[in-house]
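Remarks on the structure that follows.
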Amino acid sequence: MSIHALTVADCMVPPRLTVKPNMSIKEAVEKMIHHHLIGAPVVDDNMKVVGFLSEQDCLAHMISDSYYHEQNTLVNEVMQNDVLFASPDMAVFDLAQLMCENKPKKFPVCENGKLIGIITRTHILKALLSK
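The structure is reproduced here in structure tokens:
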């Protein structure tokens with residue numbers, strides 16, 4: 278199978294972690310560290326992606342919270358609201374081109390508005406190596 282025939286569904290993995298908008302940054306960071314992840318999709322109760330939280334988003338707020346001995350910043354105050362996502366039937370070739378344009382390294386995969394997977398540059402590279 279050539280890269281032109283590969284779809285996101287062929288390469289994606291189930292999401293290992295999601296976080297909620299009303300979760301504390303501290304709790305979200307603890308979960309990301311536990312799962313060895315640098316970011317996670319933010320979902321509502323219906324698994325609809327409402328944002329994306331990265332380590333970079335959290336760092337300044339964690340430093341500020343530590344300085345003031347507070348830990349009350351919530352995910353929805355820090356998350357990226359403008360989330361790019363992929364669909365399972367999207368061509369991997371097209372997504373790879375987007376990723377080469379300094380877009381996110383990790384894309385949530387959504388179907389009918391709901392999170393069904395994650396795809397990263399690593400997943401695409403593994404698929405290319407196996408072809």
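Residue numbers (our numbering): 278 to 408.
Every residue gets a Cβ at the ideal spot worked out from N, C-alpha and C, and that includes glycine.
All values reported here derive from a predicted model rather than from experimental measurement.
Here D359 is exposed: its Cβ has fewer than 16 other Cβ atoms, across all protein chains shown, within 10 Å.
About 7 Å separates the CB atoms of V352 and K297; that is less than 8 Å, so the two are in contact.
The DSSP-derived three-state label of E378 is coil. Where L330 is concerned, the enclosing beta strand (DSSP E) starts and stops at 326 to 331.
Our two residues, V326 and M339, have alpha carbons roughly 23 Å apart in a direct line. V290 and M300 have their C-alpha atoms roughly 24 Å apart.
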